[in-house]
Each structure stands twice: as structure tokens, then as C-alpha cells.
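Engineer: Throughout the sequence shown, residue numbering follows full-length UniProt numbering, covering 1 to 301 in sequence. To start, I am sharing the structure in question, which I have written as C-alpha cells.
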Amino acid sequence: MHQPDRVVLREVAPRDGLQNEPPVPAADKIRLIDALARTGLSRIEAVSFVHPRAVPQMADAAEVWAAVEKHPGIRYSALAPNRRGVERALDAGFSAVEVVVSASETHNRANIGRGVDESLAELPDICALAKEHLASVEVIIATSFGCPFEGDIAPAQVARIVEAAEAAGAGRVAFGDTTGMGTPRRVTDLLDAVATGLPMLMHFHDTRGTALANLLTALDRGVTEFDASVGGIGGCPFAPGASGNVATEEVVHMLHDMGVDTGVDLDALIAVAELAQEVVGRPLESGVLRAGPRTRLSPKP
């Protein structure tokens, strides 16, 4: 198996995680982001700039971002569904924005309210605008491994969006397993179909228990950037069955035992998972949060 020395994780709990929960007070979001910044994570997806009627959980994005303690060395990013959202993110001071486009026509209309080609047509303008602000653009391709409305998604559909993103001037691409329909075979099929020089990131949900297997498959193929969500919280409000992301502490626990560095303090991360559990007000499903790391031993009988 190909094994890199280091993997970079982007923490998505403050955005992807909390968008699928009942609205959380801004103060708790700020507390969560600031706590994550003290774990050694180098990338944090902080907020999204979407219409408050569509995702009321993110209505306070500008307020939250203004109050977050910005740590040097951390790349904070914001997600946006369209040019207007990108404008708001840039006006708020973000230098890294993520634009989401679905590989599924049905999901793109449910998630963003327009067709895939309409979203792709806007990308060159978005990339040009970001360049004017010295900001980077990442295109996140949702439903890359399957759609809850359409079923299987042909890797060629994903590859077409990657080509459009690269032509538009995007700096990176990410592949989202929006409802946990991915399997190792489908990860392999997608990577076989995609040809790009852009940095690639994988975003796996653990809806059907395959997230870590998918991550290992992508790792073996040379992918070294992944999204994860502390406590495993998250999902898509516009995709039935989109339960939580792969838990950051589970990814870190596994990778560190493999000898792969993440730069993250696992004990500090587990403490933040406990905070996330407090913030959302319910038990979270993360196995490492529940049982602790394998190094935590019980007293001898």
C-alpha cells in the first residue's frame, strides 16, 4: 500500500457539521472554531454564505467569522453556492472560498436551485472575481459517488465538472460523498476517470460505514487531503439520508497508528469532540469519542 508521510485534514464541523443540526448560537460556533484551531489542524471550513431561508443554521456567518480568533498558519475557508455567496465571503475577508456543484442534476437543483450547466457557466466569473481579491477557489463536486435521487453517478459526469473547473481557473477540486454511497471500488473508478493537475481532496460521509475504507483506498492512490468533522457531525439538508461525516478523531487515530503524521493532537481533538457533543446537545456516534484511543487502557483487574 502506498503510504505518505503526512496527510492534511480540513475540519468541516463548523460548517458542514452544524448545517445539519438545529440552529446553534453564534457564541457556541465561535467557541468550537477557536477550540479546533488549538488542536494543530491547519485547515478549517468556518462558515458558508448561503441564503438564510435555505440554510438558517448559517444565517450568522458574517457575525461568527468577525468574532473568530484568526490563528496564523491556519487556512480558514468559506463555502458558497453561487457568485453572490462568493462576493459575501470575499467581503467578509476570506482568502479561500469553496464553490459547490453537484454531479447530479437533481441534487444540484435541490441543493442550489439551478441546473449543473448553469452552475458551471458561472465558474469563470467567480474565479476571476476571486483572483481580483487574491483569493483561491476550490470546486467541491457533491454526489461524486452516487445521488440519493438518481442513484449511480458515472465517473465521466464528475470528470466533466473537473475539466470545467480547471478551465475556469479553479485552484483545487474536491469530491463529495454526499450521502455515503461511496465504496472503495467507486473511489477507484472515479480516480481512474479523472485526469487533472489540480490538487484533489476527498470528502467522505460514514452513512453506511465505508468512510475509513474509502479514505484508505484514496490514500493508496496518492490522495493526501481529506475533509473530516469532529464528532462525526454533519450532512446535507437537501439530500435524504445524509448522515454524518467521517469523524476527525477516528481519521487521526487510524493514521497516527499507521505512522502517518497529521499535525493534530489527538487528545486535544477528542476534547473538542466532547465540546461538539455539548454544543449539539446529543450523543455523537464517533467510536474514538466513545471508547477513547487504543492507548487508553483500563485498570488491571
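Positions of the beta carbon are idealized from the N, C-alpha and C atoms, including for glycine. All figures in this text were calculated on a predicted structure; none of them were measured in a lab.
Quick test of the definition: if touching needs 3 or more C-beta pairs under 8 Å, does the region 148 to 166 touch the region 93 to 112?
Structural biologist: Output reads yes: the region 93 to 112 touches the region 148 to 166.
Engineer: Going by alpha carbons, who is nearest to Val251 out of Gly180, Glu98, Gly287?
Structural biologist: Taking only the C-alpha atoms, the option nearest Val251 is Gly287.
Engineer: Excluding sequence positions up to five away, which residues of its chain have a Cβ less than 7 Å from the Cβ of Glu166?
Structural biologist: Excluding sequence neighbours, Glu166 sits near Thr196, Leu198.
Engineer: Below 8 Å on the Cβ atoms is my guess for Pro81 versus Val100; work out the distance and round it to an integer in Å.
Structural biologist: Indeed they touch by this definition, with Cβ atoms about 6 Å apart.
Engineer: Under a three-way DSSP split, which group does Glu274 fall into?
Structural biologist: Three-state DSSP puts Glu274 in a helix.
Engineer: Counting Cβ pairs, one atom from each stretch, are 3 or more of them under 8 Å apart for the region 36 to 45 and the region 263 to 274?
Structural biologist: Yes, the region 36 to 45 is in contact with the region 263 to 274.
Engineer: Going by DSSP, which residues form a beta bridge with Gly176?
Structural biologist: DSSP output for Gly176 lists His203 as bridge partner(s).
Engineer: What would DSSP say about Leu9, mapped onto helix, strand or coil?
Structural biologist: Leu9 falls in the strand class under three-state DSSP.
Engineer: Compare the beta carbon distance of Ala103 and Ala142 with 8 Å and say whether it is the shorter of the two.
Structural biologist: Yes, they are a contact pair.
Engineer: Quick one: give me the first and last residue of the alpha helix (DSSP H) that Leu191 is part of.
Structural biologist: Taken as a continuous stretch (DSSP letters only), the alpha helix (DSSP H) holding Leu191 covers 184 to 193.
Engineer: Using C-beta distances below 7 Å, list every residue in its chain close to Ile33, excluding the 5 sequence neighbours before and after it, in chain order.
Structural biologist: Once the five neighbours on either side are set aside, the close Cβ partners of Ile33 are Pro14, Ile44, Ala46, Val68.
Engineer: Shortest alpha-carbon distance to Pro155 belongs to which of Ala96, Pro184, Leu191, Arg172?
Structural biologist: It is Leu191.
Engineer: The beta strand (DSSP E) that contains Asp220, what's its start and end?
Structural biologist: Asp220 -> not in any beta strand (DSSP E); alpha helix (DSSP H) instead, spanning 211 to 220.
Engineer: Within the same chain, show all residues whose beta-carbon is closer than 6 Å to that of Arg172, passing over the 5 residues directly before and after it, in chain order.
Structural biologist: The residues are Glu138, Leu198, Pro199.
Engineer: Helix, strand or coil for Arg83, going by three-state DSSP, please let me know.
Structural biologist: Helix at Arg83.
Engineer: State buried or exposed for Gly281, treating a residue as buried only when at least 16 other CB atoms are found within 10 Å of its CB.
Structural biologist: That one is exposed.
Engineer: Can Gly231 and Leu284 be called in contact, C-beta distance under 8 Å?
Structural biologist: A contact, by the Cβ cut-off of 8 Å.
Engineer: Taking the CB atoms as reference points, tell me whether Ala174 and Leu212 lie closer together than 8 Å.
Structural biologist: Not closer than 8 Å, so no.
Engineer: Leaving out five residues on either side along the sequence, give the residues of the same chain with a beta carbon under 7 Å from the beta carbon of Pro23.
Structural biologist: Excluding residues within five positions, the ones whose Cβ falls inside 7 Å are Pro56, Gln57.
Engineer: Pop quiz: Ser229 and Thr248 are said to be a contact at Cβ under 8 Å. What is the actual Cβ separation, rounded to whole angstroms?
Structural biologist: Right, their Cβ atoms sit about 6 Å apart.
Engineer: What three-state label does DSSP hand Ser77 in the structure shown?
Structural biologist: Correct three-state label for Ser77: strand.
Engineer: Rounded to whole angstroms, what is the Cα-Cα separation between Lys29 and Ala66?
Structural biologist: Cα-Cα distance, rounded: 12 Å.
Engineer: Starting from the C-beta of Val12, find all residues in its chain whose C-beta is less than 6 Å away, skip the five residues before and the five after it, and write them out in chain order.
Structural biologist: If we look at Val12 and ignore the five residues flanking it on each side, its Cβ neighbours are Glu45, Asp227, Ser229.
Engineer: For Pro293, which residues of its own chain have a beta-carbon under 7 Å away from its beta-carbon, when the five flanking residues on both sides are left out?
Structural biologist: Only His253, Leu266 meet the Cβ criterion.
Engineer: Tell me, which residues are paired with Val47 by DSSP?
Structural biologist: Val47 is bridged to Ala78.
Engineer: From Gly180 to Val246, what distance separates their C-alpha atoms?
Structural biologist: C-alpha separation (whole angstroms): 10 Å.
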